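Numbering (my numbering), first residue to last: 3 to 284.
Just below is one structure, and these are the notes that go with it.
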Ligand code: AMP
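See the structure below:
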């Protein structure tokens with residue numbers, strides 16, 4: 003496995019692989035790799051000849067009061083996991099390499115970041131757009147794989163790729179969960195034993211809402227209020243719990259037959275913020 007911390011050698015490597023007729027699959031991550039990340043790497047391996055993984059904790063996507071400093075970093079273990087999966091190349095740039103210049107340009111997002119995580123984390127998706135835009139220009143992959151775990155990220159990146167004509171196909175991998183349903187996340191490492199026990203309640207609420215919708219509940223306001231109270235009674239603090247249109251990412255009050263929706267929630271358990279979602283067609 004080749005490990006690159008600088009851009010030019012990685013570009014030469016990729017040019018060479020492409021000249022050999024190989025397709026390139028790319029999986030961007032912030033490291034501290036778990037089975038969720040590894041599932042995306044496996045998916046990339048199925049769909050492309052060569053797989054490049056980036057491991058970079060992107061400071062641009064953390065707010066001033068967020069966990070950038072404490073975000074788990076486990077590069078040695080991550081490299082071993084990549085090696086075990088026969089990843090071909092890993093890109094581990096420094097901040098100097100990624101942002102070592104005066105930044106004059108930003109990309110603004112219109113509407114798509116108004117709700118869901120964008121509603122709670124100002125600047126978050128602009129930070130993601132910057133780094134993924136740069137990474138796609140550096141790696142120039144044929145496919146790039148992202149997780150449904152961050153569904154709003156996927157939809158905004160799909161829009162970026164379309165509007166800015168990136169020559170890449172985005173692939174969305176399903177959410178990988180622990181046995182009790184908790185979506186795997188690098189941030190789960192912050193949970194103490196008691197918090198970890200409470201954490202799957204978010205997914206259970208989303209599943210309950212999904213079931214009620216499948217059974218025909220088309221105006222979900224009361225259902226949502228009820229599930230919020232349930233979660234609060236278990237000691238979880240709700241950031242949001244709502245149903246959003248799959249295309250516009252706006253909250254919906256009434257569901258319409260044969261349209262797609264995202265049932266999504268974010269909660270605080272202690273200081274840890276967890277997110278989860280279920281995609282559903284009504
Ligand atoms: P991160 O390292 O948190 O930036 O995540 C890197 C990629 O892994 C993103 O595309 C995430 O959506 C994806 N991911 C994170 N958690 C999971 C999970 N539990 N299952 C599948 N993909 C995930």
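Where a beta carbon is used, it is the ideal one built from N, C-alpha and C, also for glycine.
Bear in mind that the values here come from a model prediction, so they are computed numbers and not experimental data.
Assigned secondary structure, residue i (DSSP; H/G/I helix, E/B strand, else coil)
i: residue 62; result: helix
i: residue 157; result: helix
i: residue 37; result: helix
i: residue 110; result: coil
i: residue 243; result: strand
i: residue 184; result: coil
i: residue 274; result: strand
i: residue 166; result: coil
i: residue 120; result: helix
i: residue 219; result: coil
i: residue 88; result: coil
i: residue 206; result: helix
i: residue 115; result: coil
i: residue 192; result: helix
i: residue 68; result: coil
i: residue 236; result: coil
i: residue 76; result: coil
i: residue 214; result: helix
i: residue 229; result: helix
Beta-bridge partners of residue i, as assigned by DSSP
i: residue 262; result: 283
i: residue 31; result: 57
i: residue 52; result: 26
i: residue 268; result: 242, 277
i: residue 179; result: 185
i: residue 253; result: 246
Cβ-heavy atom distance, residue i to the ligand AMP, below 7 Å
i: residue 168; result: no
i: residue 182; result: no
Unbroken beta strand (DSSP E) run spanning residue i, endpoints
i: residue 171; result: 171-175
i: residue 4; result: 4-6
i: residue 91; result: 91-93
i: residue 145; result: 145-149
Limits of the unbroken alpha helix (DSSP H) element including residue i
i: residue 129; result: 126-141
i: residue 16; result: 9-21
i: residue 197; result: 195-200
i: residue 101; result: 97-101
Next on the checklist: So if I measure from each beta-carbon to every heavy atom of the ligand GTP and keep distances below 6 Å, which residues remain?
Outcome noted: Ligands present in the displayed structure are limited to the ligand AMP, and the ligand GTP is not among them.
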